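Trainee:
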Amino acid sequence: MNPLKQHPIVTLGIIIFLAITALVVFRLSSGAKNDTRAPRAITVATVAPLKQDLDIRLTYTADITPNQTVNLFSRVNGYIAKIYVDKGDLVKANQLLIEIDHTDYQHAVSQAKANLAAANARVAQQDATVRNTTLTLNRMQVLIKDQFVSQQDLDNAQVAYDAAAAALDSLRAQVQQMEVALAQAETNLAYSYIRAPFAGYVAERNLDLGAYVSGATTGTSTVSRGILTLHEIQTVRILIEVVEKDVPLIHVGQKAEMRAEAYPERVFEGTVTRIVQALNRATRTMTIEVDLPNKDHVLKGGMFARVEVLIGTHRNAIQIPIDAVSRLEDAQYVYIVREGKTQRVPVEIGVRDENRVEVTKGLDGSEQVIVSGKDLVHDGTPVQTQPMNPAKGET
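The sequence shown begins at 1 in this note's numbering and counts up by one.
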């Protein structure tokens, strides 16, 4: 007996299932044949290349140093009597900073003045003697003509005059020696007052009141570093080590821009002022110095700096965001949008910085270059575009 006839309900269910399956397959195949819509376009962000002058810069890191640094020593021996400043104090040029005990030097000046006065008195006295002997000699020379005096008398008068004149010359030489001694004593007294050679600030104070200092201090002791250390920061210097390949590009007078870590948003402008015309054999670098005005004294010695030296300008350079450039092996390319589809364009790159690159070949500046979404497309992909800010690279 036929099993299907024995189970009419099962048979009916199978028939209904097959009918539904056939209907679904038919509709799916019909829909696939009738759906002729184009694939959905990808949205990409594009930018128009900038066409403007491009500054060519070399970037270096360096340390900021004071324009001048001096360790102040005493030029005379003695004990430190007074210190008028301390670390961090701003000082003016010629400001009195330190006094060395000058009691002995003041006494020396007084003694030298007394010695000079006595020497001048002796000169005055001897000058009178010379005048008297001169008169006597002149009188003898007249009287001998009439034989009122002997030749011996005339000779004696001449000897007396010569001796008096020689003594006067000797005393005048002593006066000159006394004047030198007084000048030296006054100089030593002046040296006991130590003044600032320039305006700046006190960076170090190495000795305290009562310390003995010598005008001939040498060696490596604390004293050899001086009593005080002054820095002049009205202008600061940046010492930059330039690699050998960049040496021909650097010249005195080139503009430089500096940013310090302490002031990341502020740009300080300076000039390449000095170039050491020799390379360090160990590092194969050449030192250049950039001077920066620092009237508000915000830049300090030892700060870390990032310096850009302007070495030239490319006129009407085509520039795009660096993120727009892709690389395939040794070639570089960008995607542009033309008539709603992407096109891959090989390019050659010139100068670059952190955000932008110069395109020296491949673009004329009229294109729409894909910056965001370029990894989702290939040559000929339909796209929708969303413009970006060409300067900031933002949508």
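Don't be surprised by glycine CBs; every beta carbon is placed ideally from N, CA and C. Keep in mind that this is a model prediction, so the values were computed, not measured.
Would you kindly work out how many angstroms separate the C-alpha atoms of Asp246 and Val252, rounded to a whole number?
Mentor: 14 Å
Trainee: Nearest by alpha-carbon distance to Leu239: which of Met258, Gly380 and Leu154 is it?
Mentor: Met258
Trainee: Just to confirm, are Ala203 and Leu230 a CB contact at a threshold of 8 Å?
Mentor: yes
Trainee: If you run the structure through DSSP and keep just helix, strand and coil, what is Tyr84?
Mentor: Shown here, Tyr84 sits in coil according to DSSP, grouped into three states, outside any helix or strand.
Trainee: Is it true that the CB of Val47 sits closer than 8 Å to the CB of Val383?
Mentor: no
Trainee: By a C-beta neighbour count over all protein chains shown, 10 Å radius and 16 as the cutoff for buried, is Ser221 buried or exposed?
Mentor: Per-residue confidence for Ser221 stands at a pLDDT of 46, beneath the threshold of 50, marking its modelled position as unreliable; no derived number is given.
Trainee: In angstroms, rounded to a whole number, what distance separates the CA positions of Phe148 and His107?
Mentor: 57 Å
Trainee: With distance defined between alpha-carbon atoms, name the residue in Thr129, Val272, Leu207 and Leu228 nearest to Pro197.
Mentor: Leu228
Trainee: Would you report the Cα separation of Arg274 and Gln68, rounded to the nearest angstrom?
Mentor: 15 Å
Trainee: Taking only three categories from DSSP, how would you classify Val242?
Mentor: strand
Trainee: Using 10 angstroms around the beta-carbon of Ala32, count the other beta-carbons present and answer buried if the total reaches 16, otherwise exposed.
Mentor: Any reading at Ala32 is ruled out, since the residue's pLDDT is 47, under 50, leaving its predicted position unreliable.
Trainee: Could you pull the DSSP bridge partners for Ala93 from this structure?
Mentor: The beta-bridge partner set that DSSP reports for Ala93 is empty.
Trainee: Given Tyr161, which residues of its chain have a CB within under 7 Å of its CB, disregarding the five upstream and five downstream residues?
Mentor: Around Tyr161: Thr133, Thr134 and Leu137.
Trainee: Does Gly215 pass the burial test, meaning 16 or more other C-beta atoms within 10 Å, or should it be called exposed?
Mentor: exposed
Trainee: Using a Cβ-Cβ cutoff of less than 7 Å, which residues in the same chain neighbour Gly365 once the five nearest sequence positions on both sides are dropped?
Mentor: Only Pro49, Lys51 and Ile318 meet the Cβ criterion.
Trainee: Which one or two residues does DSSP pair with His314 in a beta bridge?
Mentor: Leu54
Trainee: Please classify Lys82: is it buried, with 16 or more other beta-carbons within 10 angstroms of its beta-carbon, or exposed?
Mentor: The residue in question, Lys82, is exposed, as its Cβ has fewer than 16 Cβ neighbours within 10 Å.
Trainee: Please classify His297 as buried or exposed, where buried requires at least 16 other C-beta atoms within 10 Å of its C-beta.
Mentor: exposed
Trainee: Using C-beta distances below 8 Å, list every residue in its chain close to Arg172, excluding the 5 sequence neighbours before and after it, in chain order.
Mentor: Val123
Trainee: With a threshold of 16 other CB atoms inside 10 Å of the CB of Glu232, please say whether the residue is buried or exposed.
Mentor: buried
Trainee: Work out the CA separation of Val267 and Arg306 for me, nearest whole Å.
Mentor: 10 Å
Trainee: Tell me the DSSP bridge mates of Ser170?
Mentor: None, per the DSSP bridge assignment.
Trainee: So that I know if they touch, is there some Cβ in chain B lying closer than 8 Å to that of Ala114?
Mentor: Chain labels in this structure do not include chain B; a single protein chain is all it has.
Trainee: Note down, one range per segment and in chain order, each beta strand (DSSP E) of at least 3 residues found wholly within the stretch 353-385.
Mentor: 356-361 and 369-372
Trainee: Checking 8 Å against the spacing of the C-beta atoms, do Val325 and Ile250 come in under that value?
Mentor: Note that the C-beta distance between Val325 and Ile250 is not below 8 Å.
Trainee: Any idea if Asn280 is buried or exposed, counting beta-carbon neighbours within 10 angstroms, 16 or more meaning buried?
Mentor: exposed
Trainee: Can you name, in chain order, every residue of its own chain whose Cβ lies under 8 Å from the Cβ of Ala181, other than the five neighbours on each side?
Mentor: Around Ala181: Ala112, Asn115 and Leu116.
Trainee: Once the 5 residues before and after Asp291 are set aside, which same chain residues still bring their CB inside 7 Å of it?
Mentor: Thr235, Arg237, Gly270, Thr271 and Thr273
Trainee: Span of the alpha helix (DSSP H) holding Ala262?
Mentor: That residue, Ala262, is in no alpha helix (DSSP H); it is neither H nor E in DSSP.
Trainee: By Cβ distance, which residues of its chain are closer than 8 Å to Val377, with the 5 residues on each side in sequence left out?
Mentor: Counting only Cβ-Cβ distances below 8 Å, and skipping sequence neighbours, we find Ile42, Val44, Tyr335, Thr342, Ile370 and Val383.
Trainee: Using a Cβ-Cβ cutoff of less than 7 Å, which residues in the same chain neighbour Gln95 once the five nearest sequence positions on both sides are dropped?
Mentor: Arg195 and Ala196
Trainee: So what's Ile250 in DSSP terms, helix, strand or just coil?
Mentor: Residue state, collapsed to three classes: coil.
Trainee: Just to confirm before moving on: does the CB-CB distance between Gly210 and Ile80 stay below 8 Å?
Mentor: yes
Trainee: Assign Pro387 to one of three DSSP states: helix, strand, or coil.
Mentor: strand
Trainee: Please report the distance separating the alpha-carbon of Tyr165 from that of Lys145.
Mentor: The residue asked about is misnamed: residue 165 is Ala in this sequence, not Tyr. Inter-residue distance for Ala165 and Lys145 is about 25 Å (C-alpha atoms, whole angstroms).
Trainee: Using CA coordinates, which residue listed in Leu72, Asp330, Gly362 and Gly373 is at the minimum distance from Gln207?
Mentor: What sits at residue 207 in the sequence shown is Leu, not Gln. The shortest C-alpha separation from Leu207 is found at Leu72.
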